[in-house]
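Please read the structure below before turning to the comments.
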Amino acid sequence: MPMPPEAMRRAADPRVVAGAVLLGVAVLVAALAPVVAPVHPAAQHDVVATRFLRPFATDVHGVFHLLGTDRLGRDVWSRLAYGARVSLGVGALAVLLSVLIGVGVGTVAGLARRPIATLLLGITDFALALPRVVLLLLLAALWSPSMALVILVLGATGWMTIARLVHAEVRALLARPFVEAALALGATPRRLLLRHLVPNVVTPVIVAAALGVGNAILLEAGLSFLGMGVQPPAPSWGNMIASGRDALVNAPWVAAAPGVALVLVVIACTLLGDALQERLGAAR
Amino acid sequence: MLRPLAARALAGLAVVWGVVTLVFILLRAAPGDPAVLLLGPAATAEQIVEQRRALGLDRPPAVQYAAWLGRFARGDWGASIATGRPVRAMLGDAWPATARLVALSLALSYALGLALGVLQAARRGSRTDTAVSILSVTLFALPAYWLGLMLVLLFTYELRLLPAFGAAGLDAEFLPPPGRLADALRHLVLPAATLTLIGLGGIARFVRGAMTDVAGSLFLTVARAKGLATRTVLLRHALRNALVPVLTLLGLSLPALFSGAVFVEAIFAWPGVGRVLVEAVLARDYPVVLAATAVSAVLVVAGGLVADALVAWADPRVRDAHAP
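As given, the protein sequences belong to chains A and B, one line each in that order.
At position 106 of the first sequence the residue is numbered 472 (the numbering used here), and the sequence of numbers has no breaks.
At position 260 of the second sequence the residue is numbered 326 (the numbering used here), and the sequence of numbers has no breaks.
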């Protein structure tokens, strides 16, 4: 049964709580990686003696490995913590870029006259029809893989939904009588944009961004998994899964741990996006 | 109904042309010379010049583009730089495997996604609804490559039930036809299950949302007031109307499905277009990359057109809006 709006605002939405806690923990671990990780993510000691230790094992040097060690004796938990920096950082920056492009294109397309608006919308539709992974693979493989390239490519292929959203919002707004009234009262277009457009557009853009972060994190890990993203020995959840692939039978935890982390973070983004979207729908 | 579809088909053709042109430009703008890659590090400068001439890379880019586009449109896709095989034969061998995998996963994920979404809409707010919501959010968050690995771990290594690599066993050639079919089906299970499961969550979420959107409609109140059974109201009235956005999603989700297939093919060594593409990108095999990208764009655009036609079929308002 749907709750009345007041009750909904007071009672904490379990999705928001779960999403915020999951994402909060991930962000904290990423920020505090040097503190929470017992050893350096690339640290190797005696490879033969320390490789493929089970989770909760203590090695010959007395170091405790919460999630075990990988093929080279590196601590999986430490790599996971440092990998969180890469995954979350790349996801957030890529979506920030998408939001900037999307809001820019959407606003201009909404305000501009026909030829420019048609051109921008045409480009948006064209970009939507592109198979994103094909383009990502192509760009990541043609230029030497780096974190900056991954951010750039993910950002440049993820802005279309936001552009369409903002465009629709601008068009809807321009048709409303209060806009005409504001213009008649001498409001400048700038004031109109800041006072009337931005508040209307912010929430749907945040929803799209929340879902986009999850998607970008998955894609970054996918590229790294195929060897076209973040390059070893720098830890990323994607290249950790890839390195665990060879040891799937002997040491399943190497591939399982970063995958579980990835899934939890994406679930958190989705839950937050869903809850926000619903609140937005209820507010209208 | 036909005229807007024809217009969409033209727009689709423009998209394919745009994709091909974009890829051509990107390939030329990228560092790395296919002639050098082909000849290896020991090649002399003369050999490289000779190889570049043989591949037509010494001509101006505009000429290369025009020549290539002309040949491509006529169906002459050239030969792979890496293997020397005709590109058309490579993709001709590969695309049925991708189409089989994607079509099966598409059918399964939509059938299951619709069932779950309708179940949730029928029991809105119940424990079943919450449980299925949690399931679908989790499936939605699963990366194809990781889910594939975990399924391999469970079904291949732990339970020893299913094969994990390729589309057929090494001995498939020597099996009698029924055995060969069973072998092919066994190889299809894990890749298809992976692709189905990752698509399922998003579809169930979307169906539930679409059913919720029509839930308050007057025509449902009328249908119930007429005394129709809940089941009839749900399936004939609510679902039929919720189907329109779902079918639109079908068209929009094809690029994502194809993208998922690229990862699934990489995990399971599935001999499809995705694997050809990944290998060609790594080897900087221009003709293969261009053709594989074009084929994927054609598949995506064609799927979008089919989805448009289905929307027109499901929604008389769309169908009649364009009637003369």
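Glycine residues also receive a C-beta, built at the ideal position from the N, C-alpha and C atoms.
Just so it is clear, the structure is predicted and the values come from calculations on it, not from any experiment.
Going along chain B in order, which residues have a C-beta closer than 9 Å to the C-beta of residue i?
i        : result
A/ALA351 : With chain A represented from 367 up to 650, any question about residue 351 of chain A goes unanswered, as that position is not in the structure.
A/ILE607 : PRO209, TYR211, TRP212 and LEU215
For residue i, which three-state DSSP category applies?
i        : result
A/THR424 : strand
A/PRO400 : helix
A/VAL516 : helix
B/ASP470 : No statement about residue 470 of chain B is possible, as the shown extent of chain B runs from 67 to 390 and does not include it.
A/ASP441 : strand
B/PRO209 : coil
B/ALA389 : Bear in mind that a pLDDT of 45 at B/ALA389, under 50, signals an unreliable position, so the model cannot answer this.
B/PRO152 : strand
A/PHE430 : strand
B/SER145 : First, the amino acid is wrong: residue 145 of chain B is Ala here, not Ser. In the structure shown, B/ALA145 sits in a strand (DSSP, three-state: E or B).
A/THR554 : coil
A/MET367 : Interpretation of A/MET367 is limited by its pLDDT of 45, a score under 50 that renders its predicted location unreliable; the figure taken from the coordinates is listed afterwards. If DSSP states are grouped into helix, strand and coil, A/MET367 belongs with coil.
B/THR110 : coil
B/THR260 : helix
B/THR194 : helix
A/THR523 : coil
Between residue i and the rest of its own chain, which residues show a CB-CB distance below 7 Å, the 5 nearest in sequence each way excluded?
i        : result
B/ALA188 : LEU300
B/LEU44  : The structure shown does not extend to residue 44 of chain B, since chain B is modelled only from 67 to 390, so the question has no answer here.
A/THR490 : VAL471, MET526, ALA529 and ARG530
A/PRO511 : MET594, GLY595 and GLN597
B/VAL218 : ALA230 and LEU256
B/VAL81  : ALA363 and VAL367
A/ALA623 : LEU433, VAL442 and LEU446
A/ASN616 : PHE418
A/ALA423 : HIS431 and GLY434
Can you tell me the Cβ-Cβ gap for residue i and residue j, rounded? I've got them flagged as a contact below 8 Å.
i        : j        : result
A/ALA621 : A/VAL456 : So it is not a contact: roughly 20 Å between Cβ atoms.
A/LEU638 : A/ALA576 : 5 Å
B/SER175 : B/GLY265 : 4 Å
B/LEU170 : B/ALA327 : Between B/ALA327 and B/LEU170 the Cβ distance is about 11 Å, and since that is not below 8 Å, they are no contact.
A/VAL573 : A/LEU466 : In fact, because the Cβ distance is near 17 Å, the residues do not count as touching under 8 Å.
B/ALA270 : B/SER202 : 4 Å
A/VAL516 : A/LEU454 : Their Cβ separation, rounded to whole angstroms, is 13 Å, which puts A/VAL516 and A/LEU454 out of contact at 8 Å.
B/LEU376 : B/LEU294 : So it is not a contact: roughly 25 Å between Cβ atoms.
A/ASP640 : A/ARG381 : 6 Å
A/VAL414 : A/SER444 : Not a contact, Cβ separation roughly 20 Å.
Run down chain A in chain order and give the residues with a C-beta less than 7 Å from the C-beta of residue i.
i        : result
B/SER362 : PRO497 and VAL500
B/VAL81  : PHE492 and ALA495
B/GLY84  : PHE492
Taking 6 Å as the limit between beta carbons, can you name the residues of its chain near residue i, skipping five residues before and five after?
i        : result
A/LEU463 : GLY521
B/ASP381 : VAL310
A/MET513 : VAL596
B/GLY235 : ASP249
B/ASN307 : VAL280
A/ALA506 : LEU589 and MET594
A/CYS635 : ALA576, VAL579 and GLY580
B/GLY144 : VAL153 and PRO353
A/LEU628 : ALA587 and TRP603
Would you mind telling me which residues of chain A sit closer than 8 Å to residue i, beta carbon to beta carbon, in chain order?
i        : result
B/THR204 : VAL629 and ILE633
B/LEU92  : LEU504, LEU505 and LEU508
B/VAL89  : LEU504
B/VAL355 : LEU504
Under 8 Å Cβ-Cβ, which residues of chain B neighbour residue i?
i        : result
A/ILE517 : Correct list: empty, because the minimum Cβ distance to chain B is about 18 Å.
A/LEU503 : VAL328, LEU343, VAL344 and VAL347
A/THR636 : VAL203, PHE206 and ALA207
A/GLY434 : What A/GLY434 touches in chain B: nothing, since even the nearest Cβ is about 15 Å away.
Which residues in chain A have a C-beta closer than 9 Å to the C-beta of residue i? List them in chain order.
i        : result
B/VAL367 : ALA495
B/PRO97  : LEU508, TRP509 and SER510
B/THR359 : PRO497, VAL500, LEU501 and LEU504
CB-CB under 8 Å to residue i, same chain, minus the five flanking residues each way: which ones, in chain order?
i        : result
B/GLY214 : LEU256, PRO257, THR260, PHE329, VAL330, ILE333 and PHE334
B/GLY369 : LEU316, GLY317 and LEU320
By the criterion of Cβ-Cβ separation under 7 Å, what are the contact partners of residue i in chain B?
i        : result
A/VAL592 : Per the sequence shown, the amino acid found at residue 592 of chain A is Leu instead of Val. Those are ALA332 and VAL344, listed as they occur along chain B.
A/GLY472 : Correct list: empty, because the minimum Cβ distance to chain B is about 18 Å.
A/GLY595 : By Cβ distance, chain B contributes nothing, its closest Cβ being about 12 Å from A/GLY595, past 7 Å.
Note to self: Taking beta-carbon pairs under 7 Å, can you tell me which members of the region 317 to 350 of chain B lie near chain A?
What the structure shows: Correct list: PRO321, PHE324, SER325, VAL328, PHE329, ALA332, LEU343, VAL344, VAL347 and LEU348.
Next item on the list: Give, in chain order, every residue of the region 610 to 623 of chain A whose Cβ lies closer than 9 Å to some Cβ of chain B.
Entry: Residues of the region 610 to 623 of chain A with a C-beta less than 9 Å from any C-beta of chain B: GLY610, ARG611, LEU614, VAL615, PRO618, ALA621 and ALA622, listed in chain order.
Check: Which residues, taken in chain order from the region 216 to 235 of chain B, show a beta carbon closer than 8 Å to some beta carbon of chain A?
Finding: Listed by position, the residues of the region 216 to 235 of chain B near chain A (Cβ gap below 8 Å) are MET216, VAL218, LEU219 and TYR223.
Next item on the list: Using a Cβ-Cβ cut-off of less than 7 Å, give me the residues of the region 559 to 583 of chain A that come near chain B, in sequence order.
Entry: Cβ contacts with chain B come from GLY580.
Checklist line | Proximal residues, the region 440 to 461 of chain A versus chain B, C-beta separation under 8 Å | finding: Within the region 440 to 461 of chain A, no residue has its Cβ closer than 8 Å to any Cβ of chain B.
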